[in-house]
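Novice: Sharing a structure with you now.
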Amino acid sequence: MAVPKKLLLSDLLKHNVRCESGLDHGPVITPWMHPPVHRILGFITRPSNLRLEREVWRLDQLKGINQQEVYVKGSCSVSDEQTLARFPTLMNANVFNKSGQKIGLIADFLFEPKKGNIQYYLVSRSNPLIPGTSRWLLSIAQIIDKQPGSISCDIETFEDLPIQKASLKEEFLSKSRKWKAQFQDLTHNASDKLEGWIDDQISESDNDSVDDSYEILNDDPSYDDWIDNLDIDSFEEFNRMNKSKKNKNSTNERDLDPWF
Numbered sequence: 056m057a058v059p060k061k062l063l064l065s066d067l068l069k070h071n072v073r074c075e076s077g078l079d080h081g082p083v084i085t086p087w088m089h090p091p092v093h094r095i096l097g098f099i100t101r102p103s104n105l106r107l108e109r110e111v112w113r114l115d116q117l118k119g120i121n122q123q124e125v126y127v128k129g130s131c132s133v134s135d136e137q138t139l140a141r142f143p144t145l146m147n148a149n150v151f152n153k154s155g156q157k158i159g160l161i162a163d164f165l166f167e168p169k170k171g172n173i174q175y176y177l178v179s180r181s182n183p184l185i186p187g188t189s190r191w192l193l194s195i196a197q198i199i200d201k202q203p204g205s206i207s208c209d210i211e212t213f214e215d216l217p218i219q220k221a222s223l224k225e226e227f228l229s230k231s232r233k234w235k236a237q238f239q240d241l242t243h244n245a246s247d248k249l250e251g252w253i254d255d256q257i258s259e260s261d262n263d264s265v266d267d268s269y270e271i272l273n274d275d276p277s278y279d280d281w282i283d284n285l286d287i288d289s290f291e292e293f294n295r296m297n298k299s300k301k302n303k304n305s306t307n308e309r310d311l312d313p314w315f
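FYI, the numbering for the sequence shown is 56 to 315, going by our numbering.
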């Protein structure tokens, strides 16, 4: 029965208003707003479907609310539908992005019943009366201009706003975008790993080629290496070694020759 500190307009609409005398004044059909300062001043009820008169209640007359009824105290002001249609309101106002394109409508808002200050608006892509439509949270700071029946926002799309209530279609689209992003990340990681593996294989092949060529050069017996390995100290010693080798060869040839 108590009035909450914060209340959605949708929780107030369609509730029947009952006064302290116990009379039923019909359902709440629209808010009474003051758009320049983003404030709700009261609400309007329709006591009968057969008459054109409407009843206007101040917000401070609200004393309690439950699942079906709103309880008020005091008397209301009587007006007509044509007069109230000229009251400024942002309900169902067109929402335009910073490029001037229409992206949706204002569907609801959260306000403080004690003072009437609006905390934020809820916007939708299509008609908010359609059941199951999604709601995005639009803060007051993101509104850069407002005119009767329209507001301009410092956003490009509703994807720039936090989603408050998602329909089945919006949940599927959100999950699809998340799956697509995860698949792209997985593809990029696999591509990076493959490129790294190929670079490692190329580096190992280059290192093996350098090692093989180094071993071939080291295994090649050169004349200089042969001389160095003989440990010859002087040129004269080298000549003596050649002479002794010649003499030995000639002696061997004589031994093999049968005529000697």
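Beta carbons are placed, not taken as given, at the ideal position from N, Cα and C, and that holds for glycine.
(1) On the three-state DSSP scale, how would you describe Asp-209?
(2) My understanding is that Ser-189 touches Ser-179, with C-beta atoms under 8 Å, so please give their C-beta distance in whole angstroms.
(3) Per DSSP, what kind of secondary structure is Leu-177 in: helix, strand or coil?
(4) Using the three-state DSSP reduction, which class does Gln-58 fall into: helix, strand or coil?
(5) Between the Cα of Ile-199 and the Cα atoms of Ser-181, Ala-57, Pro-91, which residue gives the shortest distance?
(6) Quick one, which of Thr-138, Pro-217, Gly-119, Ala-162 has its alpha-carbon nearest Ala-148's?
(7) In whole angstroms, give me the CA-to-CA distance for Asn-284 and Ile-253.
(8) Excluding the five sequence neighbours on either side, which residues of its own chain have a C-beta within less than 7 Å of the C-beta of Leu-216, listed in chain order?
(9) State the Cα-Cα distance for the pair Ser-127 and Ser-154, rounded to the nearest angstrom.
(10) Can you have a look at Ser-106 and say buried or exposed, based on whether 16 or more other CB atoms are within 10 angstroms of its CB?
(11) Short check: CB of Asp-79 to CB of Arg-109, under 8 Å?
(12) Rounded to whole angstroms, what is the Cα-Cα separation between Lys-157 and Phe-164?
(13) Have a look at His-89 and Arg-141 and give me their C-alpha separation to the nearest angstrom.
(14) Using C-beta distances below 7 Å, list every residue in its chain close to Glu-75, excluding the 5 sequence neighbours before and after it, in chain order.
(15) Taking the continuous beta strand (DSSP E) assigned at Gln-202, which residues delimit it?
(16) Keeping to the same chain, check which residues put their C-beta closer than 8 Å to that of Gly-81; ignore five residues upstream and five downstream.
(17) Between Gly-159 and the rest of its own chain, which residues show a CB-CB distance below 6 Å, the 5 nearest in sequence each way excluded?
(18) If distances are taken between C-alpha atoms only, which option among Glu-214, Pro-86, Pro-168, Asp-255 comes closest to Gly-119?
(19) Please classify Pro-59 as buried or exposed, where buried requires at least 16 other C-beta atoms within 10 Å of its C-beta.
(20) Quick one: what's Arg-109 bridged to in DSSP?
(21) Taking 8 Å as the threshold (C-beta atoms), are Asn-152 and Cys-208 in contact?
(22) If you measure between the beta carbons of Pro-203 and Met-146, is that distance less than 8 Å?
Specialist: Here's the rundown:
(1) Residue numbering aside, residue 209 sits at position 154 when the sequence shown is read from its first letter. Here DSSP, grouped into helix, strand and coil, assigns Asp-209 to coil.
(2) The residue labelled residue 189 in the question sits at position 134 within the sequence shown. The residue labelled residue 179 in the question sits at position 124 within the sequence shown. With a Cβ gap of about 6 Å, Ser-189 and Ser-179 count as contacting.
(3) In the sequence shown, the residue the question calls residue 177 occupies position 122. Leu-177 falls in the strand class under three-state DSSP.
(4) To locate residue 58, count along the sequence shown from 1; it is residue 3. The sequence shown places Val at residue 58, not Gln. Looking at Val-58 - three-state DSSP - the assignment turns out to be coil, as it is neither helix nor strand.
(5) If you number the sequence shown from 1, residue 199 lands on position 144. The shortest C-alpha separation from Ile-199 is found at Pro-91.
(6) As a first step, residue 148 is located in the sequence shown; it is residue number 93 there, counting from the start. Nearest of Thr-138, Pro-217, Gly-119, Ala-162 to Ala-148, Cα basis: Ala-162.
(7) As a first step, residue 284 is located in the sequence shown; it is residue number 229 there, counting from the start. As a first step, residue 253 is located in the sequence shown; it is residue number 198 there, counting from the start. With a pLDDT of only 46 at Asn-284, under 50, the local geometry of the prediction cannot be trusted, and the value read off the model is given with reservation. When rounded, the distance between both Cα atoms is 45 Å.
(8) Counted from its first residue, the sequence shown places residue 216 at position 161. Closer than 7 Å at Cβ, skipping near neighbours: Trp-191, Leu-192, Leu-193, Ile-210.
(9) Here residue 127 refers to the residue found at position 72 of the sequence shown. Here residue 154 refers to the residue found at position 99 of the sequence shown. Correcting the residue type first, residue 127 is Val in the shown sequence and not Ser. Cα to Cα, Val-127 sits roughly 44 Å from Ser-154.
(10) On the sequence shown, position 51 is the one that residue 106 refers to. Note that residue 106 corresponds to Arg in the displayed sequence, not to Ser. Exposed, because fewer than 16 other Cβ atoms sit within 10 Å of the Cβ of Arg-106.
(11) Here residue 79 corresponds to residue number 24 of the sequence shown, with the count starting at 1. Here residue 109 corresponds to residue number 54 of the sequence shown, with the count starting at 1. No, Cβ-Cβ distance for Asp-79 and Arg-109 is not below 8 Å.
(12) On the sequence shown, residue 157 is found 102 positions in, with the first residue counted as 1. On the sequence shown, residue 164 is found 109 positions in, with the first residue counted as 1. Looking at the two C-alpha atoms, the distance is approximately 19 Å.
(13) On the sequence shown, residue 89 is found 34 positions in, with the first residue counted as 1. On the sequence shown, residue 141 is found 86 positions in, with the first residue counted as 1. About 12 Å.
(14) Looking up residue 75 in the sequence shown gives position 20. Cβ within range, chain order: Lys-128.
(15) Position 147 of the sequence shown, counted from the start, is the residue given in the question as residue 202. If you look at Gln-202, you'll find it in the beta strand (DSSP E) that goes 198-202.
(16) Position 26 of the sequence shown, counted from the start, is the residue given in the question as residue 81. If we look at Gly-81 and ignore the five residues flanking it on each side, its Cβ neighbours are Asn-71, Val-72, Thr-100, Arg-101, Pro-102, Ser-103, Glu-110.
(17) As a first step, residue 159 is located in the sequence shown; it is residue number 104 there, counting from the start. Once the five neighbours on either side are set aside, the close Cβ partners of Gly-159 are Val-150, Val-178, Ser-179, Arg-180.
(18) The residue labelled residue 119 in the question sits at position 64 within the sequence shown. For Gly-119, the nearest C-alpha among the options comes from Pro-168.
(19) Walking along the sequence shown from the start, residue 59 turns up at place 4. Exposed, since its Cβ has fewer than 16 Cβ neighbours within 10 Å.
(20) Along the sequence shown, read from residue 1 onward, the residue named residue 109 stands at position 54. Looking at the DSSP assignment, Arg-109 forms a beta bridge with Ser-134.
(21) Within the sequence shown, numbered from 1, the residue matching residue 208 stands at position 153. Within the sequence shown, numbered from 1, the residue matching residue 152 stands at position 97. Using a Cβ distance threshold of 8 Å, Cys-208 and Asn-152 count as a contacting pair.
(22) Taking the sequence shown and counting its residues from 1, the one referred to as residue 203 is at position 148. Taking the sequence shown and counting its residues from 1, the one referred to as residue 146 is at position 91. Going by C-beta atoms, Pro-203 is not nearer than 8 Å to Met-146.
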